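In order, the protein sequences belong to chains D and R.
For what it's worth, this note's numbering labels the leading residue of the first sequence as 34, then goes sequentially.
For what it's worth, this note's numbering labels the leading residue of the second sequence as 75, then goes sequentially.
Scroll down for the structure; my scribbles are underneath it.
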Amino acid sequence: MNLLASILGDRMSWDYFWHGWVQFGGQAATIGGALAVVAGLTYFKKWGYIWREWLTSLDAKKIGVMYTVVAVVMLLRGFGDAVMMRLQQMLASGDSKGFLDAEHFQQVFTAHGTIMIFFVAMGLMFGLINLVLPLMLGARDVAFPLLNSISFYLYLAGFVLVNLSLVYGEFGAVGWLAYPPLSELQFSPGPGVDYWLWSIQIAGIGSTLSAINFIVTILRMRCKGMTLMRMPVFAWSIFATMILTLAAFPMLTGSLFMLSLDRMMGMHYFTSELGGNAMMYINLIWAWGHPEVYILVLPAFGIYSEVVATFARKKLFGYTSMVWALMAIALFSYLVWAHHFFTMGAGGNVNAFFGIMTMIIAIPTGVKVFNWLFTLYKGRIRFDAPMWWFVAFVTTFLIGGATGVMLAVPAIDFQVHNSLFLVAHFHNTIIGGVVFGYFAGLTYWFPKIFGFKLHERLGKLAASLWIAGFFMAFIPIYILGFLGATRRLEKFDPSYGWQPLFIASAIGTAVIGLAVATQLVQLGYSIWKRKQLQDKTGDPWNGRTLEWSVPSPAPEYNFARLPVVHSRDAWWHAKQGQANIYEGAYRDFELPKNTGTGVAIGIAATIFGFAAIWHLWWLCVVAVTMVVWVLVRRMMNEDTEVLVTAAQARKLDATRKAAA
Amino acid sequence: MSQSATAVVAHSKETFGFWLYLMTDCLVFATLFATFAVLRSATAGGVTGADIFSLPFVLTETMVLLASSFAVGMAVVAANANKRRPMLRWLAATGLLGAVFLGMELWEFTVLYQEGHIWTKSAFLSSYFGLVGTHGLHILTGLIWLAALMGHALKHDLSNRAKQRILYFSLFWHFLDVIWICIFTVVYLMGVV
Ligand code: HEM
Ligand SMILES: [Cu+2]
């Protein structure tokens, strides 16, 4: 018994398995989901297939698909959390306390925010980058395929830990940024904050590694003739985003590291005693956090740029100003972080600086919106489903941007700080800007990856339902914020008479639920009807950039012959007969071999996170040893690539073209 | 592209990527430095830097680390000249000096610990142990990496790949040197003055 106690440490206890019936629902859903996947794979004998074709693959497109799948799963969970909160705030009025107690409600909004930002938005972003960036640049792969796989598995480790918290333990009840001193051991003694901490610490390191990978890809892997100013704007947006990631995520790593030292070793970085300084954490976390919101939205801006140009059948208006606007936004996003705590007491001058800086960001953003509109002007516009997402974006993001400028005025912010007005504002920009953008991108590039389009009418229906649901759900939240409703409360005093607005918001959330259901149906239906929806040409939307010049689904090697480009929108010009992008002889090339290295690192990282959360120090050592062992073994392995000869390349190309 | 040309491109990509990694690690340290700067005077009535740091000791530590950086530079030179034995000797010297440095740091920590100046006592001590300890952890990582490189080089001939790896390691090692110089200046010198 003593031995067992020393192995399991003093933190683990049976109590963490049972919290109550509501939580039991979460446990059942998580375990049930995991078991269903395992059982399905076993029953259909797909383990070998999954291992060979997916888990160990270093093909960026497959890694991209895996990111997207995980992100969609997390979207469903994050949405489930949102529904719980909306129901709770709707029901809790007067004598009714609703079904969530305060502590549980706090865990739910913490989990919701964390999941939506780190695992949905970031996941979809990295998914889309992997799916299309190399294709767009005329490259066969990313710069470091194995590192790419490792990044994905670090993200997956975070995903596993977040969901594990639902089964065994608890989640932080501290908000998605876990401000100290609340998040310190003194006030949050349980493992919840540690689940939060380690899941995003591990996933965040993966993001930093991805940033390195994509920056090198963009600067070193472009095909011949593709100068920087000939890159598609999506590639530019990723470049700006990855510079932001590279410069911001290490600050997150450092801040989380210090918080974990406080919690694990009893240090006093951010505690409220012995000199600790909580505001230091809050400054640091927002020095990461504000760039983070641009990390999420810039790729979406890139997607809109591609979509608008394609469906207006015109070249993008103001390419150069688009590029400068991206870079300006990237730069300014580092100079605004203090607008998240105007109320800190830094004084009028500091607040004025940060307020004005924030408003300045609206200018390049406005430039971009006008550029999209001018691109549409006199275009022969086609309204396919991706365009519906664009329209959804322009209408909603406009409002989100306007309320953002309002919040940038310190005097206004003092009134609505920490209110539901803020909550409405950032959902307005994140859903309207980021989520709609990624949906546009997924709809747009889906045929390139899978070889068939998503069903159009269902896609348009989903977009319409999302817009309607969004406004129904969040306009009441804006109003409530103005009326003075504070965020993060599970219950409001009924004498305010706010319940009708919460009911309206809950109905809107139900409409969003319908929209999400429509998207799932769309996916299922499209798979079922994939023959009719097949993309035979490889260029279903009459596109402009290189990814549309190869057959769909794009082959593993992307290009049998690497393209040579002479202009922007090279594929468009090639189609006009103005230039030839595939000429010259086929050449030998190498492809990375599959490897389980990423999987092993992911498993070790998960074990490490779990061990750190539960204070099982010996297990931490085991996990680190595992990582070292895996890396050393990989170093010893010289045989990591397969050669495709020129003759094979020619033959592969011919069969692909014949099949089309 | 011929095989060797591909290799050159791959090498230049990797070097660039490795530099970017070093930048990110530098930022992690920057975060720790910034926090140290804010918390250095938050001693909660306890000891200050001037009370606990011994400059001669730390200066010796610094010299040892600089020497080890020099050794790794010589190892790279030897590797590029395809001299495997000298290279291994220089790498061994690097590792030895690194280990001495780490030992001295642990010694310093132990003394502080025994005198009761531990990280739980004040924000200043937390940020001190956090910053210097993180550097120490990096040194430890470097030593493990070095051991793996040497193990490989003992058994195999010097391939281009192996030479590149030694170059990356040396970049890492020099980087830790630079960070240490910052620590020496910001933490120790400015702490005592
Ligand atoms: C799908 C519809 C969504 C609904 C109905 C919804 C609803 C909510 C609600 C009710 C809250 C808590 C508000 C409060 O403090 O009282 C919340 C917080 C939050 N949501 Fe959402 N949300 C949605 C989508 C998203 C998305 C897509 C993201 C990000 C990608 C997101 C990010 C956040 C964040 C960061 C918080 C703050 C959590 C905290 O207070 O720590 N949400 N959301
Ligand atoms: Cu901000």
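Beta carbons are placed, not taken as given, at the ideal position from N, Cα and C, and that holds for glycine.
This one's a predicted model, so the numbers in the text were calculated from it and none came from an experiment.
Following the continuous beta strand (DSSP E) through residue i, name the residue where it begins and the one where it ends.
i        : result
D:Phe622 : 622-625
D:Val677 : 674-677
Got a sec: is the Cβ-Cβ distance from residue i to anything in chain D below 8 Å?
i        : result
R:Ser196 : yes
R:Thr122 : no
R:Tyr202 : no
R:Leu101 : yes
R:Ala118 : yes
R:His85  : no
R:Met264 : no
R:Tyr242 : no
R:Gly91  : yes
R:Tyr95  : yes
R:Leu61  : There is no way to answer for residue 61 of chain R, as the model of chain R reaches only from 75 to 267.
In the DSSP assignment, find the alpha helix (DSSP H) that holds residue i and state where it starts and stops.
i        : result
D:Glu203 : That residue, D:Glu203, is in no alpha helix (DSSP H); it is neither H nor E in DSSP.
D:Glu325 : 311-345
D:Asn163 : 155-170
R:Lys237 : 234-257
D:Lys493 : 489-516
R:Asp125 : 123-126
R:Ile213 : 197-229
D:His145 : 135-147
D:Trp574 : Note, D:Trp574: premise wrong, no alpha helix (DSSP H); not H, not E.
D:Asp114 : 93-124
D:Ile238 : 225-253
D:Ile560 : 532-561
D:Val657 : 650-669
D:Val55  : 54-76
R:Thr329 : Outside the modelled stretch of chain R, which goes from 75 to 267, sits residue 329 of chain R, for which no answer is possible.
D:Asn35  : 35-41
From residue i to residue j, what distance separates their C-alpha atoms?
i        : j        : result
D:Leu766 : D:Glu86  : Because residue 766 of chain D is not part of the residues shown, which for chain D are 34 to 693, the question remains open.
R:Phe258 : R:Leu217 : 21 Å
D:Phe694 : D:Ser559 : In the structure as shown, chain D starts at 34 and stops at 693, and residue 694 of chain D therefore has no counterpart that could be examined.
D:Ser366 : D:Leu440 : 16 Å
D:Gly258 : D:Ala273 : 21 Å
D:Ser369 : D:Met284 : The residue asked about is misnamed: residue 369 of chain D is Val in this sequence, not Ser. Each residue's Cα considered, the two are about 15 Å apart.
D:Pro586 : D:Phe485 : 8 Å
D:Leu279 : D:Ile245 : 7 Å
D:Gly557 : D:His488 : 10 Å
D:Ser338 : R:Ala141 : 54 Å
D:Asp417 : D:Trp80  : 37 Å
D:Ile727 : D:Phe387 : Absent from the model: residue 727 of chain D. The displayed extent of chain D is 34 to 693, so no value can be given.
D:Val438 : D:Met392 : 6 Å
D:Val141 : D:Ile148 : 10 Å
D:Ile64  : D:His52  : 16 Å
Just to confirm, are residue i and residue j a CB contact at a threshold of 8 Å?
i        : j        : result
D:Pro596 : D:Ile614 : yes
D:Thr343 : D:Phe282 : no
D:Met668 : R:His226 : yes
D:Leu168 : D:Asn591 : yes
D:Ile545 : D:Gly492 : no
D:Leu359 : D:Ser270 : yes
D:Ala473 : D:Trp422 : yes
D:Gly146 : D:Gly208 : yes
Of all the CB atoms in chain R, is at least one closer than 8 Å to the CB of residue i?
i        : result
D:Ala618 : no
D:Gly299 : yes
D:Met377 : no
D:Phe177 : yes
D:Ala280 : yes
D:Met313 : yes
D:Ile328 : no
D:Val665 : yes
D:Asn404 : no
D:Thr673 : no
D:Phe191 : Looking at the sequence itself, residue 191 of chain D is Gly, so the reference to Phe does not match. With 8 Å as the cut-off, D:Gly191 does not count as an interface residue toward chain R.
D:Ser582 : no
D:Ile394 : no
What ranges does the alpha helix (DSSP H) occupy inside the region 402-478 of chain D, keeping only unbroken runs of at least 4 residues that lie completely in it? 418-440, 443-449, 453-462
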